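For reference, the structure is listed below as C-alpha cells.
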Amino acid sequence: MKCILVDDEPHARALLKNLISSSKYELEIVGEASDVDTAIEILLFEKPDILFLDIRIKKRLGFEVLDRFPNPEFKIVFTTAYDEYALDAFEYAAVHYMLKPYDQQTLDNAIQRCISASGGTFSTQKLTEHLNGNGVSHMLSIPNRSGTVRYPTKDILYLIGSGSYTEIYLTKGRTVLASKSIGHFGELIQDYAFMRCHKKYIINTAHVVNYEKGMQASVTMTDGRALEVSRTHKSEAAKRLL
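See the structure below:
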C-alpha cells in the first residue's frame with residue numbers, strides 16, 4: 005500500500021513515519037507535504053492508497069486539498085489535534101479521524117479501516133501479485149537474500165516474526181528465512197486459512213491440532229510446537245478454532 009503524509013509540523017510527520025515503519029501493515033510513503041499546494045501537486049502525480057491529512061495546515065485547512073479531488077480513489081485519514089472538525093471531516097468521507105497524540109494501535113486501526121473500506125482491494129492486489137494457483141493449491145512467494153522461493157500455502161505451518169525478518173516453518177521439518185517482516189506476510193495471506201495469534205506469530209489453522217483456552221491460551225501445531233495466543237487475539241482464535 006502507498007501513502008502520502010500531509011502535516012505542517014515536521015515532528016508530527018516524523019512520528020507518523022516511525023509508527024508506519026513499525027506497523028504490522030506494509031506501507032510505502034510516496035510523498036510528504038507541509039502545505040496545501042504541495043499536497044495537491046503530489047496527489048496529481050502519485051496514486052496513493054491512503055492520504056494521512058492534517059486539518060490545520062499553517063493558516064489553511066486540509067479540506068482545501070480534498071476540494072480538488074471530489075471523487076478520490078484514495079482513502080482519507082485525518083490527523084489532527086482538534087476534535088471540532090470531526091463532523092466536517094466525515095462529510096469528506098473520511099475513513100478515520102486520529103486525534104493527536106496517537107499511538108501505534110490507533111494507526112494500525114486506521115489502516116485496517118482503510119483496508120476494510122476498500123472491500124479488501126489492497127490485499128487482493130497484493131495477493132494477485134504474490135499468490136498463484138488453481139483454487140486448490142496456492143503458492144506463496146518468499147523473498148530471501150538470493151532471490152525468491154515459492155511454496156504451497158498448504159505446506160506452511162506457521163510464521164514467526166523476528167524484526168525485519170520472518171522464519172517460515174513448513175511441513176517435513178523445513179524452515180525458510182524470509183527477508184520481509186511478519187506484517188508483510190500477514191497482509192498477503194489474510195484471506196486464506198491463516199490467522200494472527202500474536203504480534204509475532206501467524207498460524208495456518210489447518211495445522212492446529214489443539215487450542216488451549218484460558219489465561220495463557222496457546223495452540224499446538226502439527227509439528228508439536230506450542231505457540232502463545234495473545235490476549236488481543238483470543239476472540240478471533242475462539243471463533244476460528246473452537
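Numbering of the sequence shown is given in the working numbering, commencing with residue 5 and proceeding in unit increments. Glycine included, C-beta positions come from ideal geometry on N, C-alpha and C. On a predicted model such as this, the values are computed, not experimentally measured, just so you know.
{"Asked": "Inter-stretch contact (C-beta, 8 Å, three-pair minimum) for the region 28–43 and the region 58–78", "Found": "yes"}
{"Asked": "The region 111–121 / the region 85–99 touching (three or more Cβ pairs under 8 Å)", "Found": "yes"}
{"Asked": "Whether Ile160 touches Thr152 by CB criterion (8 Å)", "Found": "no"}
{"Asked": "For Met199 and Glu240, believed in contact at Cβ under 8 Å, the rounded distance", "Found": "6 Å"}
{"Asked": "Three CB pairs or more closer than 8 Å across the region 24–31 and the region 42–51", "Found": "no"}
{"Asked": "Residue span of the beta strand (DSSP E) that contains Ala182, given as start and end", "Found": "Thr179 to Ala182"}
{"Asked": "Distance, Ala16 Cα to Glu32 Cα", "Found": "17 Å"}
{"Asked": "Arg117 (DSSP reduced to helix, strand or coil)", "Found": "helix"}
{"Asked": "Three-state class that DSSP yields for Val40 in the structure shown", "Found": "helix"}
{"Asked": "Collapsed DSSP secondary structure at Met5 in the structure displayed", "Found": "coil"}
{"Asked": "Boundaries (first-last residue) of the beta strand (DSSP E) holding Pro14", "Found": "It is not in any beta strand (DSSP E) - Pro14 instead sits in the alpha helix (DSSP H) that spans Pro14 to Ser26."}
{"Asked": "Exposure of Gln129, with buried meaning 16 or more beta-carbon neighbours within 10 Å", "Found": "The predicted position of Gln129 is uncertain, since its pLDDT is 42 and thus under 50; a value taken from the coordinates is nonetheless stated next. Counting Cβ neighbours within 10 Å, Gln129 comes out exposed, since fewer than 16 surround it."}
{"Asked": "Opening and closing residue of the beta strand (DSSP E) in which Val153 lies", "Found": "Gly151 to Pro156"}
{"Asked": "Separation of Leu192 from Met143, as counted between CA atoms", "Found": "11 Å"}
{"Asked": "N-terminal and C-terminal residue of the alpha helix (DSSP H) that Asp71 is part of", "Found": "Phe67 to Asp71"}
{"Asked": "CB contact flag (Ser214, Tyr162, <8 Å)", "Found": "It is worth fixing the name first, because residue 214 is Asn in this sequence and not Ser. No. Outside cutoff."}
{"Asked": "Closest Cα partner of Thr157 within the set Asn75, Tyr173, Gly35 and Ser166", "Found": "Tyr173"}
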